[in-house]
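Below is one structure, written out as structure tokens; the observations come after it.
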Amino acid sequence: MSELRECGIVCPTDWVPLAIEPTDNVKRWARSTAADLRERSRAAGYDIEAKVLEKDLRAQAEDSRRRDPFYAFALYPDGFDSALATLEIDLIHPDASVPRITLDWLAETFSAHDFGPPLITRTEVPIGPAVRIRQNFATAAASSGGPGVLLETLMYGVLPTGAESALVFLMSWTVPGIAEEMEEVAAGIVKTLSVAF
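Numbering-wise (the UniProt record's numbering), the sequence shown opens with residue 1 and increments by one.
Here it is, written out as structure tokens:
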């Protein structure tokens with residue numbers, strides 16, 4: 001078994017890579033990216049508020065930064081000034097507490113019964129076997145005293161063939177009624193994962 005050196009992914013253009021590196025200037029990145037997304041939306045016939053978009057981009061990047069993923073993306077279709085979904089990719093390496101990562105371990109570790117039972121299935125992606133976990137969580141309200149929010153997630157835990165480490169692909173969204181579309185998009189994007197040893 002080998003250690004992963006690189007991980008790659010290909011996302012559609014409406015999935016914006018987030019500024020998550022410690023050296024990234026999030027404020028400058030958000031301003032520049034908001035201008036680009038506003039122009040893209042204008043070309044598609046939509047007018048969106050740049051400041052609202054910039055604020056949302058900063059919030060998305062800062063939120064993902066706290067988890068320190070390998071990659072992070074947010075979905076901004078044309079005409080939207082807030083992200084519809086996020087996607088984070090991370091690597092999990094074996095250590096003294098988990099000397100060997102398995103699909104069973106990934107399923108047990110990343111599934112929760114907070115808001116109904118998770119739907120767990122085994123599958124294959126081009127780089128190796130995977131476990132797919134579709135589940136929902138009840139999260140805290142954006143403002144104190146407000147109702148909680150339903151966070152829907154789709155996670156793939158992938159064991160790249162020949163690797164000791166695992167890749168975790170986590171897509172999440174809070175917008176109601178888009179689960180089927182998000183699952184289809186995730187199924188397409190997860191197939192683009194690549195690794196190098």
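Beta carbons are placed, not taken as given, at the ideal position from N, Cα and C, and that holds for glycine.
Note that the coordinates shown come from a computational prediction; the quantities given were computed from them, not determined experimentally.
Would you call the CB atoms of residue i and residue j closer than 8 Å?
i	j	result
Ala-50	Ala-35	yes
Ala-30	Leu-57	yes
Ala-130	Gly-79	no
Ile-9	Leu-84	no
Cys-11	Ile-133	no
Ile-101	Ser-165	yes
Phe-115	Ala-138	yes
For residue i, name the three-state secondary structure that DSSP assigns.
i	result
Thr-121	strand
Thr-102	coil
Arg-5	coil
Gly-188	helix
Phe-197	coil
Asp-78	coil
Asp-114	strand
Ala-138	strand
Glu-49	coil
Val-10	coil
Ala-96	coil
Ala-34	helix
Between residue i and chain C, is any beta-carbon pair separated by less than 8 Å?
i	result
Leu-150	The displayed structure is made up of one protein chain only, and chain C is not part of it.
Would you please state the rounded distance, in angstroms, between the beta carbons of residue i and residue j? I believe it to be under 8 Å.
i	j	result
Val-52	Asp-81	4 Å
Leu-103	Arg-122	6 Å
Thr-174	Leu-150	7 Å
Ala-61	Ile-20	6 Å
Ser-64	Glu-88	6 Å
According to DSSP, which residues form a beta bridge with residue i?
i	result
Asp-90	Val-168
Gly-157	Val-131, Val-168
Leu-150	Ala-138
Phe-73	Pro-17, Leu-87
Ala-163	Ser-2
Trp-173	Glu-152
Would you say the beta carbon of residue i comes nearer than 7 Å to a heavy atom of the ligand NAD?
i	result
Gly-188	The ligand content of the structure shown is nil, which means the ligand NAD is not present either.
Counting Cβ pairs closer than 8 Å, one from the segment 88 to 101 and one from the segment 25 to 40, do we hit at least three? Too few Cβ pairs lie closer than 8 Å, so no.
Say whether the segment 182 to 193 touches the segment 148 to 161, bearing in mind that this needs 3 or more beta-carbon pairs closer than 8 Å, one atom from each stretch. As far as the Cβ criterion goes, the segment 182 to 193 touches the segment 148 to 161, which means the pair count is three or higher.
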